[in-house]
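Read the structure below first, then the notes.
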Amino acid sequence: MRLGGRSLTQPRAQPCAHAGRSAAGPAAMAPAALTAALLGGGLLLAAWRWLRAAARRGAGAGASMRGKTVIITGANSGLGRAAATELLRMKARVIMGCRDRARAERAAREIRAELGEREAAEGGGELVVRELDLASLRSVRAFCHRVLQEEPRLDVLINNAGIFQCPYMKTEDGFEMQFGVNHLGHFLLTNLLLGLLKNSAPSRIVVVSSKLYKYGEINFEDLNSDISYNKSFCYSRSKLANILFARELARRLEGTGVTVNSLHPGIVRTNLGRHVNIPLLAKPLFNLVSWAFFKTPLEGAQTSIYLASSPDVEGVSGKYFGDCKEEELLPKAMDDLVARKLWDISEVMVGLLK
Ligand SMILES: NC(=O)c1ccc[n+]([C@@H]2O[C@H](COP(=O)([O-])OP(=O)(O)OC[C@H]3O[C@@H](n4cnc5c(N)ncnc54)[C@H](OP(=O)(O)O)[C@@H]3O)[C@@H](O)[C@H]2O)c1
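Heads up: the sequence shown at position 314 corresponds to 313 in numbering that gives the first Met the number 0, and the numbers run straight through without jumps.
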């Protein structure tokens, strides 16, 4: 192999006339300097991560959720699981709405073990697993039916589950998968639980969106991607739909004591990228970069926990948050006409309106 006309096997031209004369000097120093640089860099990075994590933890510190019931969709993995752990620590009754019972039961066991006997002995919190497949309207209806039968109250609903950039797939009801799970499944779920949320007011709905909403459009002429499918666009469209839904719902819920806010969690190291193919050779580098620069699930879940539990956001509704602070939206996410039209069409798509 040749680079710039010089074979890589040929020795480099010496940049300095003295090079090589002070035998042991630079040559012996190089490995030591490299080790020191790597060690120093590693320590600095670890310290920076630790400081960053410390700054980001504790959105719900001190708050108690004793006596409150919280539903979290997709609570067996990533952000949902981290939020479930923290809200259980705060003594909430946490209902994990998950599509795979075995995965969910395993996560629940691990969460209980993580919190340990001391927390369990204090009593108060409870973790409950319920099956919920957002890619099936039948499953959403069955889940809500059971919740309405069993739960006397619902204080917080966290619409967290999500699917990211999957190949073209359809839900059980024939909807494009990302729009179907991220938007339509949650749309039906929320609507079916609204009565219980209103009866439990003050109560809260938290919608996990993404900053990638910026690259989406609500293209009403092909909501189901029958004409064309682009997996990045469809993820962004579903996340834009999350924000429009949250804003329209907040408008409809004015005066009821039920608040709705949406959020973006930042870039978080979770299982969300399961459909993204990273070349085998690039994986170690990706793992290193994501370890160093992505948030941990606990860090990423802070805004969900904050919106679910903090007294700071009592009565706040229709807003969009990141890092536990309100953030501005692009005009496309504040278009009330589009939000209403999307609401009307979604009602028909999920069968709420014939
Ligand atoms: N990670 C990030 O950087 C990032 C950035 C912006 C926004 N978000 C948003 O954060 C939310 C949580 O994602 P995450 O990062 O924690 O990813 P994750 O680790 O993959 O968790 C996603 C959860 O959603 C569940 N889910 C997927 N399809 C479902 C379905 N049909 N029915 C019910 N549950 C389903 C998954 O269940 P299984 O485990 O059974 O698949 C899993 O529990 C998503 O809404 C995502 O769009 C994440």
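For every residue, glycine included, the Cβ atom is placed at its ideal position computed from N, Cα and C. None of the values given here were measured: they were computed from a predicted structure.
- By the C-beta criterion, the region 162-178 is judged not to be in contact with the region 90-104, since fewer than 3 inter-stretch pairs fall below 8 angstroms.
- Here the alpha carbons of Pro278 and Leu188 stand approximately 37 angstroms from one another.
- In terms of CA proximity to Leu126, Leu114 leads the group Ala134, Ser135, Leu114 and Asp132.
- In the DSSP annotation of this structure, Ile304 is not part of any beta strand (DSSP E); the continuous alpha helix (DSSP H) holding it starts and ends at Gln301 to Ser308.
- The alpha carbon of Arg236 has as its nearest neighbour, out of Asp225, Gly194, His182 and Lys282, the alpha carbon of His182.
- The shortest CA-to-CA distance from Met64 to any of Ala35, Leu153 and Pro296 is the one to Leu153.
- For Met348, the secondary structure class from DSSP, reduced to helix, strand or coil, is helix.
- Counting only runs of at least 4 residues, the region 78-136 fully encloses the following alpha helix (DSSP H) elements, listed from N- to C-terminal order: 100-121.
- In this chain, the alpha helix (DSSP H) harbouring Ile242 covers Lys230 to Arg251.
- Taken from the Cβ of Lys210, at least one heavy atom of ligand 1 lies inside 8 angstroms.
- With 16 or more other Cβ atoms inside 10 Å of its own Cβ, Tyr305 counts as buried.
- Under the criterion of beta carbons closer than 8 angstroms, Asn75 and Met89 do not qualify as touching, at roughly 19 angstroms.
- CA-CA distance, Lys210 to Glu327, rounds to 11 angstroms.
- Separation of Ala200 and Leu248 (C-alpha to C-alpha, rounded to the nearest whole angstrom) is 15 angstroms.
- Put simply, the backbone Cα of Val259 is about 14 angstroms away from that of Ala338.
- By the beta-carbon neighbour count (other beta carbons within 10 angstroms, threshold 16), Lys238 is buried.
- Judged by DSSP in its simplified three-state form, Val207 adopts strand.
- Non-local C-beta neighbours of Leu297 in its own chain, meaning closer than 6 angstroms and more than five positions away in sequence, comprise Ala81, ordered along the chain.
- For the pair Phe178 and Glu313, the Cα-to-Cα distance works out to about 30 angstroms.
- The beta carbons of Ser261 and Val207 sit closer together than 9 angstroms.
- In this structure, the CA atom of Arg98 is about 10 angstroms from the CA atom of Val139.
- Of the residues assessed, Arg92 falls on the buried side of the cut-off, its CB having 16 or more other CB atoms within 10 angstroms.
- In this structure, Ile162 has its beta carbon less than 8 angstroms from a heavy atom of ligand 1.
- With 16 or more other CB atoms across the displayed protein chains lying within 10 angstroms of its CB, Arg203 is buried.
- Taking the CA atoms as reference points, Val128 sits about 10 angstroms from Ile71.
- Phe320 is bridged by DSSP to Leu262 and Glu325.
- Between Leu136 and Gly350, the beta carbon gap of about 7 angstroms places them in contact (Cβ cut-off 8 angstroms).
- Cα atoms of Gly77 and Asn198: separation of roughly 30 angstroms, rounded to the nearest angstrom.
- For Leu222 and Leu329, the gap between their C-alpha atoms comes out near 21 angstroms.
- When the beta-carbon positions are compared, Thr269 and Val155 stay at least 9 angstroms from each other.
- Bounds of the beta strand (DSSP E) holding Leu156 are Val155 to Asn158.
- Of the other Cβ atoms in all chains shown, fewer than 16 fall within 10 Å of the Cβ of Phe219; this residue is therefore exposed.
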